[in-house]
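Notes follow once the structure below has been shown.
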Amino acid sequence: MYNKNLHQLFRILSMFFILYGIYTVLSIMRLMLAHDIEYAVNIWMVNGMIYALLGGASFIIYFYFEYQKHKSPSFTKTLESIFKAKKT
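Counting in the working numbering, the sequence shown runs from 1 upward without gaps.
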């Protein structure tokens with residue numbers, strides 16, 4: 001089931017998380033150049049990993065909605081038969 005509003009929401013979320021991830025990487029590089037390695041590692045551990053996971057998840061959901069928008073009937077029937085087989 002394709003939902004245009006959710007598709008746009010996850011598109012915006014994935015762009016936000018990608019941009020914030022780039023900002024985090026640039027801040028880490030700046031701190032490493034200033035020889036403040038411990039603080040840079042803390043930022044990487046907290047911000048970098050959290051936003052990388054959130055960005056990856058929203059990107060996957062965005063591509064799921066892209067798939068729903070452009071799905072082919074034969075591939076959909078194959079997926080439906082696999083999921084029906086798992087339920088029984």
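All residues carry an ideal CB built from backbone N, CA and C; glycine is no exception.
Counting the other CB atoms within 10 Å of its CB gives Phe63 a total below 16, which places it among the exposed residues. A direct Cα-to-Cα measurement between Met15 and Gly55 gives close to 8 angstroms.
DSSP places Asn47 within a helical segment (H, G or I) once states are collapsed to three.
Short of 8 angstroms from the beta carbon of Met32, and not among the five residues preceding or following it, lie these beta carbons of its own chain, in chain order: Ala40.
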